[in-house]
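Engineer: Residue numbers (the numbering used here): 288 to 542.
#1: Is DSSP giving residue 289 helix, strand or coil here?
#2: Straight-line CA distance for residue 384 to residue 377?
#3: Report the three-state DSSP secondary structure of residue 366 (helix, strand or coil).
#4: Can the beta-carbon of residue 474 be found less than 8 Å from the beta-carbon of residue 443?
#5: Check whether the segment 469–483 touches the segment 509–528, counting contact only when three or more Cβ pairs, one atom from each stretch, lie closer than 8 Å.
#6: Under 6 Å Cβ to Cβ from residue 477, same chain only, skipping five residues before and after it: list those, please.
#7: Which residues bound the alpha helix (DSSP H) around residue 392?
#8: Mark residue 462 as exposed unless 16 or more other C-beta atoms lie within 10 angstroms of its C-beta, in which case mark it buried.
#9: Let's test the definition: count the other Cβ atoms within 10 Å of the Cβ of residue 506 and tell me whether it reaches 16, buried, or not, exposed.
#10: Measuring CA to CA, which of 427, 343, 458, 329 is closest to residue 500?
#11: Distance, Cα to Cα, residue 355 vs residue 306?
#12: Going by C-alpha to C-alpha distance, which of 494, 489, 313, 338 sits closest to residue 325?
#13: Could you spell out where the alpha helix (DSSP H) holding residue 423 opens and where it closes?
#14: Taking DSSP as the reference, what is the three-state secondary structure of residue 451?
#15: Kindly indicate which three-state DSSP category residue 486 falls into: helix, strand or coil?
#16: Using the beta-carbon count (16 or more within 10 Å), is residue 531 buried or exposed?
#17: Taking the alpha-carbon positions, what's the residue 465 to residue 430 distance?
#18: Measuring alpha carbon to alpha carbon, tell me which residue in 393, 343, 541, 487 is nearest residue 323.
#19: Let me confirm a value: residue 289 is counted as buried when at least 16 other C-beta atoms fall within 10 Å, else exposed. Which label applies?
#20: Would residue 420 be called buried (16 or more neighbouring beta carbons within 10 Å of its own) or exposed?
#21: Let me know if residue 544 comes out buried or exposed under the rule of 16 or more other beta-carbons within 10 Å of its beta-carbon.
#22: Go through its chain and collect everything with a Cβ distance to residue 336's Cβ below 8 Å, but skip five positions before and after it.
#23: What did DSSP end up calling residue 417 once you bin it into helix, strand or coil?
#24: Since residue 528 sits in a beta bridge, which residues does DSSP pair it with?
#25: Taking a contact to mean a Cβ-Cβ separation below 8 Å, would you say residue 297 touches residue 453 in this structure?
#26: In its own chain, which residues sit with a C-beta less than 7 Å from the C-beta of residue 479, not counting the 5 before and 5 after it?
The following block contains the structure:
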C-alpha cells in the first residue's frame with residue numbers, strides 16, 4: 288500500500304479551486320491519517336490561510352494531517368468572496384438583515400463534496416475536522432448541524448472568530464435533512480477575541496446557547512475568549528487549535 292500524496296478535489300463554476308497541502312508524513316493506511324478542511328472568512332481566500340498549514344508542518348505538528356483550504360465564490364453584491372451574502376451582526380437582532388439561507392445551503396453542499404473527496408481517499412469521517420474563520424466558522428457549524436450525510440459524524444469542528452447562523456431555523460433544517468432533534472456530541476472548539484467588533488458578545492453567546500439546545504454537552508464544547516484579541520488569529524489561538532486537533536485526531540501510527 289502506498290502513502291497518499293494527492294487528492295482530487297471537486298471544482299465548481301465561478302469558484303477558484305481549493306488549495307491542498309498533503310500530509311508531511313502520511314501513514315501507509317489512509318484511515319490512520321486525518322484531514323482538516325479550513326474555510327476562510329469574508330473577502331479572503333485559501334491563500335490567506337494556507338500559511339497556517341506551512342507553520343504546522345515546518346514545526347513537525349500533526350504530520351499525519353492533510354490540509355484543505357477551499358475558496359468561496361465571489362459575491363457580486365458584496366463585491367468580495369463570500370460563503371453567503373454577509374449579514375451585519377448586531378446586539379439587537381431586530382436590526383439585522385435577513386440571513387442568506389439559500390447561499391448558506393449552497394455552500395454546505397460544496398463543503399459536503401470536499402468531505403466526500405476525503406472519504407474517497409480513504410480518510411473516514413471520524414478522522415476529518417471541519418473548521419473556519421468568521422464566515423468559515425459559520426459554514427462549518429452549519430454543515431455539522433444540518434448535513435444529511437455528515438452531521439454528527441466528523442472528528443471535530445473548529446469555529447474561530449465566528450458564530451452559528453440560522454439558529455432559529457435549525458430544528459426545521461435538521462428535520463428536512465432527516466436528522467433527529469438532538470445532535471449528539473461532536474467535539475467543538477469555539478474561539479472569540481474579546482475585542483472583536485465583528486462578532487458581538489451577544490451573538491457569540493447565542494451561538495453557544497444554540498449548540499447546547501441541540502444537545503451538545505458541556506464536555507464536548509470548548510469555548511475560549513481571548514483578552515486583547517480582535518477579529519484575527521494569533522499565536523495563542525493557533526496553539527489552542529493545535530491542542531484541539533491533537534485531541535480529536537491523535538496520531539495512530541505510520542502503518
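Quick reminder that beta carbons are idealized off the backbone N, C-alpha and C, glycines included.
Structural biologist: Per the coordinate set shown:
#1: The predicted model places residue 289 with a pLDDT of 46, which falls under 50 and marks its position as unreliable; any figure quoted below should be read in that light. Residue 289: coil per DSSP, three-state reduction.
#2: 9 Å
#3: coil
#4: yes
#5: By the Cβ rule, the segment 469–483 counts as touching the segment 509–528, because three or more pairs are nearer than 8 Å.
#6: 446, 510
#7: 388–407
#8: exposed
#9: Classification for residue 506: exposed.
#10: 458
#11: 6 Å
#12: 338
#13: 422–433
#14: Judged by DSSP in its simplified three-state form, residue 451 adopts coil rather than helix or strand.
#15: It is coil, neither helix nor strand.
#16: buried
#17: 14 Å
#18: 343
#19: Any reading at residue 289 must be qualified, since the residue scores a pLDDT of 46, below 50, and its modelled position is unreliable; no value is offered.
#20: The Cβ neighbour count for residue 420, taken over all protein chains shown within 10 Å, is at least 16; the residue is labelled buried.
#21: Within the shown structure, residues of the chain are numbered from 288 to 542, placing residue 544 beyond reach of any answer.
#22: Within the same chain, residue 336 has close Cβ partners 325, 327, 356, 420.
#23: strand
#24: In DSSP, residue 528 forms no bridge with anything.
#25: no
#26: 448, 486, 491, 512
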